[in-house]
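Asks: Submitted below is the structure of interest, expressed as structure tokens.
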Amino acid sequence: MQILMSGLIFGCIYGLTALGLVLIYKTTDIVNFAQGEMAMVTTFVSFVFLSNFGFGYIPSLLLALIFAAIFGIAIHQIVMKRVQSAPPLNQIVVTLGLFMILNGMAGLIWGHKPTSYPQAVKGDSIKLGSVFITPNELFILCITFFLMLIFFLLFRFTRVGLAMRASAQDIKASQLMGIKVTSVFTATWAVGAILGGVAGIMTAPITFLDTQMMFEVLIMAFAAAVIGGFVSLPGAVIGGLFIGVFENLIAFYISPEMKLVYTFLLIILVLYIRPQGIFGGKQTLKKV
Amino acid sequence: MILMLKQLGNKRIALGILIVCMLFYPFSVGYSSYFLTLFVITCIYVITSLSLNLLVGYGGQISVGQAGFLSVGSYSVAILSTKLGLPFLVVLPLAGIITALIGLLIGLPAVRLKGHFLAVATLGFGLSVPQIALKWDKLTGGFSGLSVTPSSLFASETQLFYFFVFLTVLIIWLINNIVKSSIGRAFIAIRDSEVAAQAIGINLSFYKTTMFVISSFFTGIAGGIYGYWVGFVSPNDFVITNSFLILAMIVVGGLASIPGSIIGALLFSIIPHFTDSYVGITNIVIGVAVVLIILFKPKGMVSMFNFKRNKSEKTKKNELLLKEEGNRGVNI
Amino acid sequence: MLTFNDVTVQFGGLTAVDNLSFEVPEGSIYSIIGPNGAGKTTVFNCISRFYTPAKGSIKFCGDEITKYKPHQIINIGIARSFQNVELFSKMTVLENLLTGLHPKLRKNIFAISLNLPTVKRSEEDSRKKAFEVMELLKITHLADEQVSNLSFGFQKMVDIGRAIMADPKLILLDEPVAGMNPIETEKISQLILNLKNEMNYTVLLIEHDMSLVMKVSDAVTVMNFGKKISEGTPKDIQNDPVVIEAYLGEVNLHAEVK
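Chains as they are written, first to last, in our numbering: chain A, 5 to 292; chain B, 888 to 1219; chain C, 908 to 1165.
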């Protein structure tokens, strides 16, 4: 049970990162390999607020998330906007380029030494039935479900969500209908960066704060997004939880080093049976 | 230099110059071991980026785990030469064949996947290989790696160098023949329209698997070259960032272009040479190069050189005529 | 030569083709006409094996074709063109035609990678064949042009040319003159007649352009809502009240909308 629980906690982090990935993909059709590094930068910024400026946890978090939004907007405006209609491979490689730049920059500015990062909520473990859970872990669980719900509702029931869905379907038609597609995309990148930032700030206390911290998380988030079908917001979170639990079970019963290998074996198996992921829509045959 | 190449505009002459440069290279760097290694590493990346371009540029199948095949190749060489004591001329082709078999294993499930799903599946492969190498320490030596028994065929480093350069040129030629053939056309056909490809009798799963097999075979050979040249393999030789780098090479150099793959591989093998003295700069420089080139030269660096046949005035006129005719067609 | 027997195709709850039967005699030009959405292209996609009928049989020269995979259809002698041209857009016209020869070429990877003389020779033969087809289509001057630069009319020609390359027995043409001007349409109708008269191909044609259908067809099937509503020579069809109603009904509908 304890293993399942800690799996769920990791799963939340994967789910949050995957949520950002899927949101950006669903709206702008770009798979953002730099998502993890953007999150890492945001986490470092929050740490600067925490330790260098001595702000409290909540103000630092909020300031960092504001930074994340601006950061996301900047990345879209400066780079991603220009490859919106480029072939998918070019888009992927641009985000890989951003990945390398951000990683290198962060290393230059903040060094490569891991530092510890404070938890959101301090306190002793609480016993729930047969499992122990720290308040911090509880906080992660709550915030994940809260954010998932918010974004699900936003996407489904608001005008902004409608605009996002429309732009995702057909850029030209949406423009004709008076939707400012570029602004919608910019907003999506901002929101995606915020989601990543939250994931990063949740990750840092569990691992350590360093430039490589989000790498494995990003990989697992990809796995989660794929299992979830890459277009489903709840699918991303459920995929994340699933991957988190699976990974922890493998680490416990087989070997911690092999969790990555088994996770990807699982993914390939899932994709072999259902090439569009578990929550992906039906594959449509191209009309000829 | 660029201007000169533009004026030459001829693949054969460019290739000739390239080969002459290769032959005189050891001499010009004074047989410095460092520069020879830099060149061999470049050769390895040239072969790998060509193989990946076959898969991605020509065949349209995204792979984000090519470095995994390099690892399989280099470990095959280490295990076959050291643990089994097999000779060089057996080991190197075997490394290619073993890697091709792994490629077949990856290719079989991968043929059902498209786009991002394929990217993630291959990403998983690229990530898993070093992990498996770490864990399977009875075979691979785990964290401490494995040494490669040097071949007795070559008396000096320079001879080995020339052999590898020859091998690289040979592989470039082989891949060039493949992409120009009916098989190469089948790959491009699958990339451009799967429906039409099927209608003209191209078996999608067979050809997609074939792409993976050919691509991994040559990459395995490249991995083998690495093993023999460096003399030692470890799980950290080819990690996932190498896969990213190889993908960047072909996109920056030029998709579905042989000169493009070579240019990309040259560029990204040489950049670290200039930036390695400043820790952490390499990633930034490569990242910036990738972003800038894709923003401003989306067809890759190869579009800066005029490798393709100059369009004659006649075809240009034809083009205009066509456009006019096309317009008329729409009006009516 | 090609026989549809009680073929039904369903997508979810929608019946796209409903108990369709017809027979294409060898050496003829056979047309399928009908309003948009009548299920004509679905018929083609069944023959190409992109779709599998829910029931019924499709026989080609007595051979049940539903057992084949899409890429095997060309080997039994059926080639097709596409409604919205499915060309390999980054290739030249010549290369597109060469792909049409795919099933006929030997593909020994070792011979190919070494570029052995046998490979060179067969490549030479293929080119010769491609130029013959281009001559027939009168597009030889475009051989080295990338197809994405061509006008829609020429792209259609290349699409048809690619189908001819493999010397099929039956050619399926899906709206070959859609979007063409009258001059181009005239060229295509000559070409279709040539295919039958000089090259002895059997042609199955889907087309909206009635003047073309009436001019070239030996027999016509009319479809509406997935069902066959009429069949016969072009003359019979023109005078069939059911057909007139189907088309006029559609016209009336348009009139009301306007």
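Built from N, CA and C at the ideal position, the CB exists for glycine as well.
Mind the definition here: the stretch 1088-1102 of chain C touches the stretch 1024-1037 of chain C only if three or more C-beta pairs lie below 8 Å; say whether that holds.
Replies: no
Asks: Using a Cβ-based criterion (distance less than 7 Å to any ligand heavy atom), does residue 972 (chain C) qualify as near the ligand SAM?
Replies: The ligand SAM is not part of this structure, which contains no ligands at all.
Asks: Candidates C:965, C:1105, C:1125: which alpha carbon is nearest residue 1043 (chain C)'s?
Replies: Position 136 of the third sequence, counted from the start, is the residue given in the question as residue 1043 (chain C). Among C:965, C:1105, C:1125, the Cα nearest to that of residue 1043 (chain C) belongs to C:1105.
Asks: Touch check for the stretch 114-134 of chain A and the stretch 1180-1194 of chain B: three-plus C-beta pairs under 8 Å?
Replies: no
Asks: Cβ of residue 1082 (chain B) less than 8 Å from any chain C Cβ?
Replies: Taking the first residue of the second sequence as position 1, residue 1082 (chain B) is located at position 195. True, the Cβ-Cβ gap to chain C drops below 8 Å.
Asks: What is the DSSP secondary structure of residue 1130 (chain C), counted as helix, strand or coil?
Replies: By one-based count along the third sequence, residue 1130 (chain C) stands at place 223. Reduced to three states, the DSSP call for residue 1130 (chain C) is strand.
Asks: Which chain B residues are close to residue 86 (chain A), counting only those with a beta carbon under 8 Å from its beta carbon?
Replies: Taking the first sequence and counting its residues from 1, one reaches residue 86 (chain A) at position 82. Within chain B, the residues near residue 86 (chain A) are 1182.
Asks: Residue 990 (chain C) lies in the alpha helix (DSSP H); which residues open and close that run?
Replies: In the third sequence, counting from the first residue as 1, residue 990 (chain C) sits at position 83. Per DSSP, residue 990 (chain C) belongs to no alpha helix (DSSP H) and is neither H nor E.
Asks: For residue 949 (chain B) and residue 1042 (chain B), I'd like the C-alpha separation in whole angstroms.
Replies: Locating residue 949 (chain B) in the second sequence gives position 62, where the first residue counts as 1. Locating residue 1042 (chain B) in the second sequence gives position 155, where the first residue counts as 1. Looking at the two C-alpha atoms, the distance is approximately 41 Å.
Asks: Tell me, please, whether the CB atom of residue 999 (chain B) is closer than 8 Å to any CB atom in chain A?
Replies: For the purposes of this step, residue 999 (chain B) is taken as the residue at position 112 of the second sequence. Yes, residue 999 (chain B) lies at the interface with chain A (some Cβ there is under 8 Å from its Cβ).
Asks: Based on the DSSP secondary-structure assignment, which residues constitute the bridge partners of residue 967 (chain C)?
Replies: One-based indexing of the third sequence puts residue 967 (chain C) at position 60. According to DSSP, residue 967 (chain C) bridges with C:909, C:970.
Asks: Ignore the nearest five residues each way along the sequence and tell me which others in residue 283 (chain A)'s own chain have a CB closer than 6 Å to its CB.
Replies: Taking the first sequence and counting its residues from 1, one reaches residue 283 (chain A) at position 279. Cβ neighbours of residue 283 (chain A) beyond the five flanking positions: 232, 233, 236, 239.
Asks: Taking the beta carbon of residue 1003 (chain B) as the centre, do at least 16 other beta carbons fall within 10 Å, making it buried, or is it exposed?
Replies: Residue 1003 (chain B) sits at position 116 when you count from the first residue of the second sequence. Classification of residue 1003 (chain B): buried, given that the 10 Å Cβ count is 16 or more.
Asks: Comparing alpha-carbon positions, which option in B:956, B:1054, B:1092 lies nearest residue 989 (chain B)?
Replies: The residue you call residue 989 (chain B) lines up with position 102 of the second sequence. That would be B:956, whose Cα lies nearest to the Cα of residue 989 (chain B).
Asks: What is the DSSP secondary structure of residue 938 (chain C), counted as helix, strand or coil?
Replies: Numbered from its first residue, the third sequence carries residue 938 (chain C) at position 31. Correct three-state label for residue 938 (chain C): strand.
Asks: Would you check if the distance between the CB atom of residue 1091 (chain B) and the CB atom of residue 964 (chain B) is smaller than 8 Å?
Replies: As a working mapping, residue 1091 (chain B) is identified with position 204 in the second sequence. As a working mapping, residue 964 (chain B) is identified with position 77 in the second sequence. Against a cut-off of 8 Å, the Cβ pair of residue 964 (chain B) and residue 1091 (chain B) comes out as no contact.
Asks: To the nearest whole angstrom, what separates the beta carbons of residue 213 (chain A) and residue 51 (chain A), a pair I think is in contact under 8 Å?
Replies: Along the first sequence, one-based indexing puts residue 213 (chain A) at 209. Along the first sequence, one-based indexing puts residue 51 (chain A) at 47. The Cβ separation is near 6 Å, so the contact holds.
Asks: Note down the Cα distance separating residue 960 (chain B) from residue 1109 (chain B), rounded to an integer number of angstroms.
Replies: Locating residue 960 (chain B) in the second sequence gives position 73, where the first residue counts as 1. Locating residue 1109 (chain B) in the second sequence gives position 222, where the first residue counts as 1. So the two alpha carbons sit approximately 7 Å from each other.
Asks: For a minimum of 4 consecutive residues, which ranges assigned as the alpha helix (DSSP H) are wholly contained in the stretch 15-52 of chain A?
Replies: 39-51
Asks: Please determine if the stretch 74-84 of chain A and the stretch 1113-1127 of chain B are in contact, where contact requires at least 3 C-beta pairs separated by less than 8 Å.
Replies: no
Asks: Label residue 1 (chain A) either buried or exposed according to how many other C-beta atoms from any shown protein chain fall within 10 Å of its C-beta, with 16 as the threshold for buried.
Replies: Residue 1 (chain A) cannot be examined here, being either before or after the span of chain A that is shown, 5 to 292.
Asks: Against residue 27 (chain A), what residues of chain B qualify as contacts under a CB-to-CB distance less than 9 Å, listed in chain order?
Replies: Within the first sequence, numbered from 1, the residue matching residue 27 (chain A) stands at position 23. What residue 27 (chain A) touches in chain B: nothing, since even the nearest Cβ is about 15 Å away.
Asks: Where DSSP assigns a beta bridge to residue 1119 (chain B), which residues make up the other side?
Replies: Counting from 1 along the second sequence, the entry for residue 1119 (chain B) is found at position 232. Residue pairing of residue 1119 (chain B) in beta bridges, as defined by DSSP: B:1034.
Asks: Applying the 10 Å Cβ sphere with the 16-neighbour rule, what's the burial state of residue 961 (chain C)?
Replies: Walking along the third sequence from the start, residue 961 (chain C) turns up at place 54. Residue 961 (chain C) should be labelled exposed.
Asks: In whole angstroms, what is the alpha-carbon distance linking residue 20 (chain A) and residue 44 (chain A)?
Replies: One-based indexing of the first sequence puts residue 20 (chain A) at position 16. One-based indexing of the first sequence puts residue 44 (chain A) at position 40. Residue 20 (chain A) and residue 44 (chain A): Cα-Cα distance of roughly 14 Å.
Asks: Am I right that residue 969 (chain B) and residue 916 (chain B) are in contact with their C-beta atoms under 8 Å? What's the rounded C-beta distance?
Replies: Counted from its first residue, the second sequence places residue 969 (chain B) at position 82. Counted from its first residue, the second sequence places residue 916 (chain B) at position 29. About 30 Å separates the two Cβ atoms, so there is no contact after all.
Asks: Identify each residue in the stretch 1136-1170 of chain B for which the Cβ-Cβ distance to at least one residue of chain C is less than 7 Å, and report them in chain order.
Replies: none
Asks: Residue 276 (chain A) versus chain B: which residues are under 8 Å apart at the beta carbon?
Replies: Along the first sequence, read from residue 1 onward, the residue named residue 276 (chain A) stands at position 272. Here the neighbours are 996, 999.
Asks: Taking C-alpha atoms, which residue in B:1136, B:1138, B:1071, B:926 lies nearest to residue 995 (chain C)?
Replies: For the purposes of this step, residue 995 (chain C) is taken as the residue at position 88 of the third sequence. Of the listed residues, the one whose Cα sits closest to residue 995 (chain C) is B:1071.
Asks: Determine contact between the stretch 1107-1126 of chain C and the stretch 1137-1152 of chain C, defined as no fewer than three beta-carbon pairs at a distance below 8 Å.
Replies: The stretch 1107-1126 of chain C is in contact with the stretch 1137-1152 of chain C.
Asks: If I measure Cβ to Cβ from residue 5 (chain A) and keep anything under 8 Å in the same chain, skipping five residues before and after, which residues do I get?
Replies: As a position in the first sequence, residue 5 (chain A) is number 1, starting the count at 1. The answer, listed in chain order, is 133, 134, 135.
Asks: Along the stretch 1004-1015 of chain B, what residues have a CB closer than 8 Å to any CB found in chain A?
Replies: 1004, 1006, 1007, 1008, 1010, 1011, 1012, 1014, 1015
Asks: Beta carbon of residue 23 (chain A), beta carbon of residue 155 (chain A): below 8 Å?
Replies: Indexing the first sequence from 1 puts residue 23 (chain A) at position 19. Indexing the first sequence from 1 puts residue 155 (chain A) at position 151. For residue 23 (chain A) and residue 155 (chain A), yes; Cβs fall inside 8 Å.
Asks: Hey, which unbroken runs of the beta strand (DSSP E) at 3 residues or more fall wholly within the stretch 1127-1166 of chain B?
Replies: none
Asks: Are residue 1052 (chain B) and residue 908 (chain B) touching if we call contact CB-CB under 8 Å?
Replies: Here the question's residue 1052 (chain B) lines up with position 165 in the second sequence. Here the question's residue 908 (chain B) lines up with position 21 in the second sequence. No. Outside cutoff.
Asks: Could you give the C-beta distance for residue 1048 (chain B) and residue 927 (chain B), rounded to a whole number, given that I count them as a contact under 8 Å?
Replies: For this step, residue 1048 (chain B) is matched to residue 161 along the second sequence. For this step, residue 927 (chain B) is matched to residue 40 along the second sequence. Confirmed, about 7 Å.
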